[in-house]
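Before any comments, here is the structure.
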Amino acid sequence: MNYERVTIIIPTYNESENILFLIKSLSSVVPGASLFVVDDNSPDGTARIVERRYGSSKHIRVMRGAAKLGRGAAVIRGFHLAYKRSTCKIFVEMDADHSHQPELLPKLLEQVTKKTVVCASRYLPGGGIIGWSGLRSLFSRVSNVMIRLVLSSKLSDNTNGFRAYPRAAIKKLLEQPLVTANYLVLSETTLLLTSQGFYYREVPSYFPNRLVGRSNTTPRLAVQSCLDLCRLWLHYRQRWI
2 MNYERVTIII
12 PTYNESENIL
22 FLIKSLSSVV
32 PGASLFVVDD
42 NSPDGTARIV
52 ERRYGSSKHI
62 RVMRGAAKLG
72 RGAAVIRGFH
82 LAYKRSTCKI
92 FVEMDADHSH
102 QPELLPKLLE
112 QVTKKTVVCA
122 SRYLPGGGII
132 GWSGLRSLFS
142 RVSNVMIRLV
152 LSSKLSDNTN
162 GFRAYPRAAI
172 KKLLEQPLVT
182 ANYLVLSETT
192 LLLTSQGFYY
202 REVPSYFPNR
212 LVGRSNTTPR
222 LAVQSCLDLC
232 RLWLHYRQRW
242 I
């Protein structure tokens, strides 16, 4: 595959200890791909670190946010800029903490079609989670069950933000405003795209816990996600009646 046709959106918040290693890994696994680091106003200088190292690179760009608006909002900002500035055929979103393995990218990319979005899944046979506490694993599984029940999702892993989209899917997403801004954006975009005739395919993946830095998952974010799930149901329920 010609990886110059691929753009990877990397939302960051306090990932100064991880981002350079990820960029190096991606440059090796998918050489020629464009990388958009969308920083959510990190106080640890994540954006500045990338700019210092790769400021002259044609393939690596940094977007700075004026405030912390959430992972989902950062990804959508990245999609907007990348869609306008490039003619790439495939867009990827992935995290910077090494939980999303760059080595899986070729397998994701080769299965993308004009109407198919490809997602990594921790809950398919052959996938799994490494290094999480029992409580965090339980919360993830309960969240996925709730999303499947409330939003009638058929995905096994609704909260995994390691996904590859065809250009046509990004065009559809950018045509209308979203209700959510954090992790539930993943579920909202799935709702929107499936209603527009796109299909989702899942690929088993391992999800190791971050090696350095602190997780951005907090009790406050968990509560916000529950509220966002209710908002999504209220907003989109007319489509199911």
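Just so you know, the sequence shown maps onto residues 2 to 242 in the working numbering. C-beta atoms are modelled at their ideal positions from N, C-alpha and C, and glycine is treated no differently.
- Residue pairing from DSSP places Leu-36 in a beta bridge opposite Ile-9 and Ile-61.
- Restricting attention to Leu-82, Ala-170, His-99 and Phe-80, the CA atom closest to the CA of Thr-114 is found in Ala-170.
- When secondary structure is reduced to three states using DSSP, Thr-181 falls in the coil class, being assigned neither helix nor strand.
- Within the same chain, Cβ atoms closer than 7 Å to the Cβ of Glu-189 are found at Leu-179, Val-180, Thr-181 and Leu-233, the five residues on either side in sequence being excluded.
- Ala-165: member of the beta strand (DSSP E) spanning 164 to 167, first to last residue.
- Here Tyr-207 carries a strand assignment [DSSP, helix/strand/coil].
- Beta bridge pairing from DSSP links Ile-131 with Pro-209.
- With a threshold of 16 other beta carbon atoms within 10 Å, Phe-22 falls short and is exposed.
- Per DSSP, Thr-117 is one residue of the beta strand (DSSP E) stretching across 117 to 122.
- Where Val-93 is concerned, there is no enclosing alpha helix (DSSP H), although the beta strand (DSSP E) around it starts and stops at 91 to 94.
- In the DSSP assignment, His-99 falls outside any alpha helix (DSSP H) and carries neither an H nor an E.
- Sequence-distant Cβ neighbours of Gly-46 in its own chain, meaning closer than 6 Å and more than five residues away, are Ser-17.
- Membership of Leu-110 in the alpha helix (DSSP H) is indicated by the continuous run 106 to 110.
- For the set Gly-198, Pro-205, Asn-161 and Val-118, the Cα lying nearest the Cα of Asp-96 is the one of Asn-161.
- In the structure shown, Thr-114 adopts extended strand secondary structure according to DSSP, grouped into three states.
- Scanning Gly-129, Pro-107 and Asp-229 for the CA closest to the CA of Pro-205 turns up Gly-129.
- For Phe-199, there is no enclosing alpha helix (DSSP H), since its DSSP letter is neither H nor E.
- The three-state reading of DSSP puts Asp-45 in coil, since its state is none of H, G, I, E or B.
- Straight-line measurement puts the Cα of Met-2 at about 8 Å from the Cα of Leu-110.
- Around the beta carbon of Pro-167, a 10 Å sphere encloses 16 or more other beta carbons of the protein chains shown; the residue is thus reported as buried.
- DSSP places Thr-190 within a helical segment (H, G or I) once states are collapsed to three.
- In the displayed model, Tyr-14 falls within coil according to three-state DSSP, outside both helix and strand.
- For Gln-102 against Arg-202, the beta-carbon gap comes to about 18 Å, at or over 8 Å, which does not count as contact.
- In this structure, Lys-85 keeps its C-beta atom at 8 Å or more from the C-beta atom of Asn-42.
- Nearest to Ser-141 by C-alpha distance, out of Ser-153, Arg-123 and Leu-152, is Arg-123.
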